[in-house]
Amino acid sequence: MPSSTEPKPALVIAIDLGTSATTALYTVAVDSWDKHGKLQRKRLFRKEPEMVAWPGSRPNDSIGRPCLPTDLVYDRATGQLRLWGFSAQKYLDDPLEQTKQGEDFIVDNIKLLLNDPNAETEQTPASERYSSARHNLIRVLRKGPYEVFEDYLNEVVEHIIGYAKGSARGYLDSFKSFKIELSLAFPSGWPVYIHQRVAEIGSRAVQKALTTHGLSNTVFGIEDVYTVSETLCGVKEWLSKAVEDDLSIAIDLDPQTPNLDELQEGDCFVGFDLGAGTGCETVLKIVKKHPLQVDRLAPTKSLQVSGEAVEAEFQKRLRLLVTTNDYEGDYEQFIYYVCRRFREEKKDCGLPPRPGSLTWNIPAPGLHANAQKGFDEGLLRLDRKTMLEGSFDPALEMLDFEIGQLLIKHPDIKVTSQSFPVALS
Numbered sequence: 001m002p003s004s005t006e007p008k009p010a011l012v013i014a015i016d017l018g019t020s021a022t023t024a025l026y027t028v029a030v031d032s033w034d035k036h037g038k039l040q041r042k043r044l045f046r047k048e049p050e051m052v053a054w055p056g057s058r059p060n061d062s063i064g065r066p067c068l069p070t071d072l073v074y075d076r077a078t079g080q081l082r083l084w085g086f087s088a089q090k091y092l093d094d095p096l097e098q099t100k101q102g103e104d105f106i107v108d109n110i111k112l113l114l115n116d117p118n119a120e121t122e123q124t125p126a127s128e129r130y131s132s133a134r135h136n137l138i139r140v141l142r143k144g145p146y147e148v149f150e151d152y153l154n155e156v157v158e159h160i161i162g163y164a165k166g167s168a169r170g171y172l173d174s175f176k177s178f179k180i181e182l183s184l185a186f187p188s189g190w191p192v193y194i195h196q197r198v199a200e201i202g203s204r205a206v207q208k209a210l211t212t213h214g215l216s217n218t219v220f221g222i223e224d225v226y227t228v229s230e231t232l233c234g235v236k237e238w239l240s241k242a243v244e245d246d247l248s249i250a251i252d253l254d255p256q257t258p259n260l261d262e263l264q265e266g267d268c269f270v271g272f273d274l275g276a277g278t279g280c281e282t283v284l285k286i287v288k289k290h291p292l293q294v295d296r297l298a299p300t301k302s303l304q305v306s307g308e309a310v311e312a313e314f315q316k317r318l319r320l321l322v323t324t325n326d327y328e329g330d331y332e333q334f335i336y337y338v339c340r341r342f343r344e345e346k347k348d349c350g351l352p353p354r355p356g357s358l359t360w361n362i363p364a365p366g367l368h369a370n371a372q373k374g375f376d377e378g379l380l381r382l383d384r385k386t387m388l389e390g391s392f393d394p395a396l397e398m399l400d401f402e403i404g405q406l407l408i409k410h411p412d413i414k415v416t417s418q419s420f421p422v423a424l425s
């Protein structure tokens with residue numbers, strides 16, 4: 001154990017490996033140990049810098065500069081990664097590039113392909129979609145999902161370390177060597193072996209980035225890589241705002257703010273993290289409010305409730321409505337294009353409809369007119385209530401069922417509007 005007189009600097013990197021987007025923070029800390037051997041960590045930055053300088057990002061990007069899209073575009077012929085992140089997103093969203101994409105292999109939501117969908121006890125539209133995507137990826141690229149995930153994480157980690165090296169040079173250059181820690185937020189309800197493989201991939205990504213950027217004065221090993229629960233991270237952030245902030249300051253949690261005072265030590269509640277591709281629930285108990293201490297009463301459980309589940313249901317309904325007889329051209333490319341547009345459009349579902357917007361109208365060159373289905377020549381009209389809002393129904397019914405089961409299993413859960421904080425991504 002280092003003595004307390006030997007401060008050790010550390011570059012600490014935290015990455016939230018979301019399904020459709022990745023976010024990251026980094027900071028520089030100095031570690032020392034007191035006479036009892038307890039670690040004392042002092043951060044040198046007042047606030048952890050959030051990565052916004054991703055390649056290709058712009059202030060007005062729809063997904064937000066801190067949120068790096070996980071889109072990947074591979075060359076079909078060589079199996080090499082061609083575009084990633086914002087560059088891939090712009091390419092895929094550009095209608096003028098649609099004709100060129102036959103030479104590409106597009107990978108969406110690579111994180112979801114790490115979990116074998118064939119291991120699911122119940123097949124759903126989403127798991128069937130993952131299974132097909134895994135099969136196509138292996139067939140076309142001749143590499144597995146973990147290899148593709150490593151391609152992506154290599155790019156992400158290399159960019160973060162390169163950026164941190166430049167911005168933190170004044171701090172790190174004053175030390176002969178410094179440690180690197182990597183924390184990866186990942187679904188805690190997923191099997192341990194997936195967490196282990198992701199940690200190994202993260203370790204290799206850091207080693208590769210250190211070589212690329214010529215950082216030889218570092219201390220790093222697999223023991224410096226951690227996977228943490230993305231659900232618990234979200235709950236901790238929510239709780240910190242709810243019970244630790246100065247109550248004289250307005251807390252932006254509308255409309256639940258009036259119930260903040262109902263959270264007391266000993267209360268049990270459930271945290272739901274409903275992300276773009278994964279859903280998790282965790283039963284928790286507040287042990288202390290100051291400082292905040294929370295106990296987990298049961299293992300985090302994975303749910304078949306997510307944005308991806310909604311998109312899979314939409315795709316199923318779309319294929320039933322629009323058949324190959326209705327469309328002249330690349331049918332699969334057409335389905336992909338409409339489903340990709342739905343990702344953004346679904347954010348407005350549930351809001352009061354705008355005047356004259358009972359249908360979602362999408363330009364669709366190659367679509368034949370069909371009065372019975374409501375299609376115009378080259379224009380797809382989709383009923384918002386049936387096709388868009390209806391695609392949420394199976395996921396919401398599943399969430400309803402899960403909440404009912406939780407209240408039976410944990411009757412001590414305090415039922416208020418704050419009992420079920422939901423982190424959405």
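Numbering (the UniProt record's numbering), first residue to last: 1 to 425.
Glycine residues also receive a C-beta, built at the ideal position from the N, C-alpha and C atoms.
Bridge partners - residue i, DSSP secondary structure assignment
| i | result |
| --- | --- |
| Val206 | Note: Val206 sits in no beta bridge, so no partner. |
| Gly85 | According to DSSP, which records beta bridges pairwise, Gly85 is partnered with nothing at all. |
| Thr282 | Gly271 |
| Thr227 | Leu184 |
| Arg381 | Asn361 |
| Tyr327 | Leu367 |
| Val219 | Lys179 |
| Lys111 | According to DSSP, which records beta bridges pairwise, Lys111 is partnered with nothing at all. |
| Lys288 | Gln293 |
Backbone secondary structure at residue i - three-state DSSP
| i | result |
| --- | --- |
| Val192 | helix |
| Arg341 | helix |
| Val73 | strand |
| Asp376 | strand |
| Lys409 | helix |
| Gly214 | coil |
| Tyr163 | helix |
| Arg296 | strand |
| Gly307 | helix |
| Leu247 | Residue placement at Leu247 is poorly supported in this model, since its pLDDT is 33, which falls under 50; the coordinates are not used for a value here. |
| Lys236 | With a pLDDT of 49 at Lys236, under the threshold of 50, the predicted position of this residue should be treated as unreliable, and no value is reported. |
| Glu181 | strand |
| residue 459 | Here the chain has residues from 1 to 425 only, and residue 459 is not among them. |
| Asn154 | helix |
| residue 430 | Since the first residue of the chain shown is 1 and the last is 425, residue 430 is not available in this structure. |
| Leu68 | strand |
| Val322 | coil |
| Ser302 | strand |
| Ser57 | coil |
| His135 | helix |
| Glu386 | Note on residue identity: the sequence assigns Thr, not Glu, to residue 386. Of the three classes helix, strand and coil, the one that applies to Thr386 here is helix, per DSSP. |
| Lys143 | coil |
| Gly79 | coil |
| His400 | The sequence given here has Asp at residue 400, not His. Reduced to three states, the DSSP call for Asp400 is helix. |
| Asp93 | helix |
Buried or exposed (CB count within 10 angstroms, at least 16 for buried), residue i
| i | result |
| --- | --- |
| Glu150 | buried |
| Gln89 | buried |
| Leu247 | Bear in mind that a pLDDT of 33 at Leu247, under 50, signals an unreliable position, so the model cannot answer this. |
| residue 445 | Since the first and last residues shown for the chain are 1 and 425, residue 445 lies out of range. |
| Ile408 | exposed |
| Glu6 | exposed |
| Ala164 | buried |
| Arg134 | buried |
| residue 455 | This structure does not reach residue 455, given that the chain is present from 1 up to 425, and the question cannot be answered. |
| Ser127 | buried |
| Tyr193 | exposed |
| Ala250 | Summary for Ala250: the model assigns pLDDT 31, below 50, so the residue's position carries little reliability, and this model does not support an answer. |
| Gly275 | buried |
| Asn136 | exposed |
| Thr211 | exposed |
| Asp104 | buried |
Contact belief for residue i with residue j at Cβ below 8 Å, rounded distance in angstroms
| i | j | result |
| --- | --- | --- |
| Cys280 | Gly374 | The pair is not a contact, with the Cβ atoms about 38 Å apart (cut-off 8 Å). |
| Ile110 | Thr70 | 6 Å |
| Asp376 | Thr359 | Not a contact, Cβ separation roughly 11 Å. |
| Leu114 | Tyr146 | 6 Å |
| Leu25 | Asp31 | That pair is no contact at about 18 Å. |
| Leu315 | Cys339 | Checking the sequence shown, residue 315 turns out to be Gln, not Leu. Confirmed, Cβ separation roughly 5 Å. |
| Leu184 | Ile15 | 5 Å |
| Glu311 | Arg343 | 7 Å |
| Thr282 | Thr300 | 5 Å |
Enclosing beta strand (DSSP E) for residue i [first to last residue]
| i | result |
| --- | --- |
| Asn361 | Thr359 to Pro363 |
| Gly26 | The sequence given here places Tyr at residue 26; Gly does not occur at that position. Unbroken beta strand (DSSP E) run through Tyr26: Ala21 to Trp33. |
| Gln40 | Leu39 to Arg43 |
| Ile106 | Asp104 to Val107 |
Terminal residues of the alpha helix (DSSP H) in which residue i lies
| i | result |
| --- | --- |
| Val52 | Note, Val52: premise wrong, no alpha helix (DSSP H); not H, not E. |
| Gly271 | Segment Cys268 to Leu274 is the beta strand (DSSP E) holding Gly271; no alpha helix (DSSP H) there. |
| Ala14 | Segment Lys8 to Leu17 is the beta strand (DSSP E) holding Ala14; no alpha helix (DSSP H) there. |
Chain B within 8 Å of residue i, Cβ atoms only
| i | result |
| --- | --- |
| Glu281 | Here chain B cannot be found, since the structure has a single protein chain. |
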